[in-house]
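Here's the structure we're looking at; comments come further down.
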Amino acid sequence: MSALLDIDRVGMTYVSGTLLARRVVRAVDDLSLRLEAGRPEIVAIIGESGSGKTTLARMILNLATPTDGVIRFRGTDVAKIRSNHARADFMRQVQPIFQNPFEAFNPLKRVDRYLFMSARRLADARGAEVDALADRALHQVGLSLAELRGRFPHELSGGQLQRAAIARALISAPKLIVADEPVSMVDASLRMSIVNLFRSLRDELHVSIVYITHDLATAYYISDRVLIMQRGRAVESGAAREVLANPQHPYSRLLKASVLSPEDAGKPTIAANT
Amino acid sequence: MFTVLRDLLRYRTEFRFGAILTGFIAAFAALSLVSPYPPQDQFVVPPDLPPSWSYWFGTTSRGQDVFWQLTFAIRNTMLFGLSVAVLSRLVSIAIGMWSGYKGGIVDRLLMSVNDTFIVIPLFPLLVLFYFVLRDRMSWPLLALAMASLGWAYDARLIRAVALSLSSREFTQQCVFSGMRTREIVFQEHLPYVLPIVFYTTMNNMNWSIGLEVTLSVLGFTDIDTPTVGVMIYWANQHTALVAGVWWWVFFPVLFVMILFIGLFLLAISTNEYIDPRSRLARMGDVSG
Amino acid sequence: MSAPLAKVADAERVLDVANLRAYYQTWHFGVSRDVRAVDGVTLHVDRNEIYGLAGESSCGKSTLIRTIVRAIRPPLAVVEGSVRFDFGGRACDIYALDRARLAGIRWRHLSYILQGSMNVLNPVRRVRESFVDFAFRHIGKPMPQFLALVEDHLARLRLDPAVLGSFPHELSGGMRQRVTIALASVCRPDFIVADEPTTALDVVVQKDVLALLREVQRQIRSSMILVTHDIGVHANATDRLGVMYAGRLIEEGRTGEVIREPRHPYTAQLVTSLPRIGDIEPKQGLDGAPPSLAAPPPGCRFHPRCPLAMEMCRREHPPMVEVAAGHRVACWVKAPPGGMAAP
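Chains as they are written, first to last, in the working numbering: chain A, 1 to 274; chain B, 275 to 562; chain C, 563 to 905.
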């Protein structure tokens, strides 16, 4: 089986400060992960702030170049994609979903603009095809072009915007979606529909998803595999339900023990971890 | 564009005032086209007359009508401010945007040049400029000199905006929609940069006019072309205030102050109107 | 552990909010609008309890607590209603106080913990100086005793008094938030308002910070309003819970009761849609979106999204009806005023 995405011992070092006061931060360290082609799955990357999970997402999307190791998408080194043509080709197959749906669209422009743009540029649609493609993608996420046409971001809820962002990502029929905390800014009542949507993307459209999150519960709910990161390193990985039901690494256990469950309601006896 | 103007005129007292003041000064400057006397001519009217029905703003010790002299002076001063502002905007937008979007070594290089310009003391440099050029000094040359010195602050400002815009999530969304860099800059980001450009234009005009007046009063410019500063310079040369010819100084100062206030009001009110946040507030619900 | 449940009989009210309405009244280039962020909220907080306020973004919960502590400025204005505090026998309407009296109450009787703790701690001063700035004049003791008292307080909360010598940027986000909590409680106020105190924190730290809040409340026996959108936090930290939707309180009761037996369809949806580790049942999200507070729908504000909506819901807003002791619900279907509640 060939790899869809092959992250091979990747590392990322940030150097900040001036010559005299250099600070070296190891954001990602020796991390490997492999997603097989032809077997769509949802892989959750779990970590807290500073764990390097967002840096990892940026490297997969070719928004940052790893300082060591290599990330291959269908056999091609992502960091070597430079020409406009190759970049467009890459973006056809790999698309991002961002954290804050209210920030994901230019507040001064209509939302449908980005769907049309993707249809024209990435799916080579012309004329009436553009509308048809946008409408089809919106239907896949439970919206329609009729609802969205001419609307500005502030006229839509966070849930609707996040759906529109997902629809836009779907237009070029990608093979891989990298979603960085896609529901952390979405209201609770709308969150599960988005999470469910990821599941149906995997099952019906056969899209693989790298789901980056700090929330163990949703990771447990939708992902096939998980990888738990701490300070740039993978501390535990494996089948999602096994790992999260019975974590082995001390950090994974601490994470799980820190989840506040509504089950405890009415007996507020919260105790500190430390 | 017209609805913008109409809205501003209708709902913004500051804008209305600013427009009236600036418009008044511009109309006054336009009168220079129908002046009965060429601006350089002297002793065309009796000297040292106080304001009266025949000479509204009085006459100077050099036998010039203050009213008509001032129309030329204001026109030249306004043109001067406008050319400095437009020229320096071109530089600051180009440098700021380039620096902000390119980042890395380009950014560092441009910003070190930029910071050099910020710390250079302008005034002595302009005086030096005058001493080098002497008789060849003219206001277009001075405008050029000031434009090439007056862009640095605003370039930094524009760079900061470009930098923050390019790190926003919607910019990534544009990139992954297949938009090209040029399209992103001009279609997506320009609405955020324009208010700053507009605002700094007004401020830059005020700054350059102020500096031109200062230089002229001290005689460090071409004193044959009437500007507001040059008028005050001549008044000083003839010790107008000691001699009691106060109108020679009063009217130029009054008019340049009106122009200052007018431009300032235009800047702040327009800025608020085209500010993206205020636009959003008018478009619909943003609070919660 | 205090036993707030057992003390219902001698519970006395510290805060009484009656029919409070607070609108954002804006006027932009000829377009004037009222955003009804708080629209007729009645609630009370007893002494020695943590009252949780839940709701989604822009449901008005932040506006409500800003109005309660009178930290409002235009365009936000109180249109109707009253906010009354009772600090140990000294009752007052917070909107009837003059500036001096208000300043006297703040920190001494009423303090806040906000989401961005950096806003409270002065970034260029050591933590000790922030304590002096905020609390020294309220405690009215000479400086050495005051500092000893602060150190004592930190020690009781199991925080290392060494943090007093640090600058805010030297502390981690979680530690900063803990210091802010210590700062807000050092005067032993009767009432503490905590607005999303753990939202910006990582899960591991979040739990510790909540434990600290609970500890503070237990030690100084004050009352607290804790605002957060996170039901998990409420379940673990609050005694009573109020749920807001589109500017109105729609359900209120003992936290355990509200979460285990939610009556309002919105609360029920919120609670049942929460994923849990070990539970792989498919969960459903809610369709639609919260209404605009500038133009809320008539009747019950939840009716456009409600699976149970009937004709009545579209016409009239349901009143809060007591369905069990201390459990109030605003829903025509689940809590009709006649008392014939559907099962």
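Positions of the beta carbon are idealized from the N, C-alpha and C atoms, including for glycine.
Computed from a predicted model, the values in this text were never measured in an experiment.
query                                                                                                                                                                                                   : result
Sorted by chain position, which residues of the same chain lie with C-beta nearer than 8 Å to residue 27 of chain A's C-beta, five sequence neighbours on each side aside?                              : 12, 13, 14, 52, 55 and 232
Can you give the Cα-Cα distance for residue 898 of chain C and residue 826 of chain C, rounded to whole angstroms?                                                                                      : 12 Å
In this structure, does DSSP put residue 598 of chain C in helix, strand or coil?                                                                                                                       : strand
Would you mind stating whether residue 174 of chain A and residue 99 of chain A have Cβ atoms separated by less than 7 Å?                                                                               : no
Look up residue 817 of chain C in the DSSP assignment and say whether it is helix, strand or coil.                                                                                                      : helix
Taking just the CA atoms, how far does residue 210 of chain A sit from residue 878 of chain C?                                                                                                          : 46 Å
Below 8 Å, how does it come out for the stretch 69-87 of chain A and the stretch 421-435 of chain B: are there three or more Cβ pairs, yes or no?                                                       : no
Would you call the stretch 778-794 of chain C and the stretch 616-630 of chain C in contact, with 3 or more CB pairs under 8 Å?                                                                         : yes
Rounded to the nearest angstrom, what separates residue 537 of chain B and residue 620 of chain C at their Cα positions?                                                                                : 39 Å
Hey, would you say residue 79 of chain A sits closer than 7 Å to residue 65 of chain A, going by beta carbons?                                                                                          : yes
Go through the stretch 129-159 of chain A residue by residue and report every complete run of the beta strand (DSSP E) that reaches 3 residues or more, in order.                                       : none
With 9 Å as the limit, tell me which residues of the stretch 40-66 of chain A have their beta carbon closer than that to any beta carbon of chain B; keep them in chain order.                          : 61 and 63
Do we get a CB-CB distance below 7 Å when we pair residue 157 of chain A with the residues of chain C?                                                                                                  : yes
Count the other CB atoms, across all protein chains shown, that sit within 10 Å of the CB of residue 703 of chain C; report buried if there are 16 or more and exposed otherwise.                       : exposed
Could one say the Cβ of residue 910 of chain C lies closer than 7 Å to chain A's Cβ atoms, at least one of them?                                                                                        : Nothing can be reported for residue 910 of chain C: it is not among the residues displayed for chain C, which extend from 563 to 905.
Where residue 169 of chain A and residue 107 of chain A are concerned, what is the direct C-alpha to C-alpha distance, given to the nearest angstrom?                                                   : 18 Å
Compute the Euclidean distance between the alpha carbons of residue 530 of chain B and residue 348 of chain B, then round it to the nearest angstrom.                                                   : 8 Å
Run the CB neighbour count on residue 883 of chain C, radius 10 Å, all protein chains shown included, and call it buried at 16 or more, exposed below.                                                  : buried
With DSSP run on the structure shown, which of helix, strand or coil describes residue 569 of chain C?                                                                                                  : Only weak support is given to the placement of residue 569 of chain C: the predicted model assigns it a pLDDT of 40, under 50, and the question is left unresolved by the model.
Does any residue of chain C have a CB that is nearer than 7 Å to the CB of residue 299 of chain A?                                                                                                      : Chain A is shown from 1 up to 274; residue 299 of chain A falls before or after that span and cannot be answered.
Quick one, are the C-beta atoms of residue 322 of chain B and residue 519 of chain B less than 7 Å apart?                                                                                               : yes
Starting from the Cα of residue 722 of chain C, find the closest Cα among C/695, C/752, C/671 and C/690 and give me that residue.                                                                       : C/690
Give, in chain order, every residue of the stretch 875-892 of chain C whose Cβ lies closer than 9 Å to some Cβ of chain A.                                                                              : none
Could you run through the stretch 452-465 of chain B and flag, in chain order, every residue whose CB is less than 7 Å away from some CB of chain A?                                                    : 452, 453, 462 and 465
Hey, out of A/212, A/144 and A/199, whose CA is closest to residue 44 of chain A's CA?                                                                                                                  : A/212
Given 8 Å as the limit, is there contact between the stretch 692-706 of chain C and the stretch 739-758 of chain C, that is, 3 or more CB pairs closer than that?                                       : yes
Do you know offhand how far residue 498 of chain B's Cα is from residue 314 of chain B's?                                                                                                               : 7 Å
Mind checking which residues open and close the alpha helix (DSSP H) that includes residue 414 of chain B?                                                                                              : 413-421
Look at residue 700 of chain C and residue 749 of chain C and say whether their C-beta atoms are less than 7 Å apart.                                                                                   : yes
Taking residue 847 of chain C as the reference, which of A/165, A/262, A/195 and A/264 has the closest Cα?                                                                                              : A/195
Residue 581 of chain C: buried (16+ other C-beta within 10 angstroms of its C-beta) or exposed?                                                                                                         : exposed
Candidates A/221, A/30, A/161 and A/141: which alpha carbon is nearest residue 204 of chain A's?                                                                                                        : A/141
Please confirm whether residue 95 of chain A has its beta-carbon closer than 7 Å to some beta-carbon of chain B.                                                                                        : yes
Verify whether the separation of the beta carbon atoms of residue 160 of chain A and residue 450 of chain B is less than 7 Å.                                                                           : no
Using a Cβ-Cβ cut-off of 7 Å, state whether residue 781 of chain C counts as contacting chain A.                                                                                                        : no
Does the stretch 148-165 of chain A come into contact with the stretch 111-128 of chain A, if we say contact requires no fewer than three beta-carbon pairs (one atom in each stretch) closer than 8 Å? : yes
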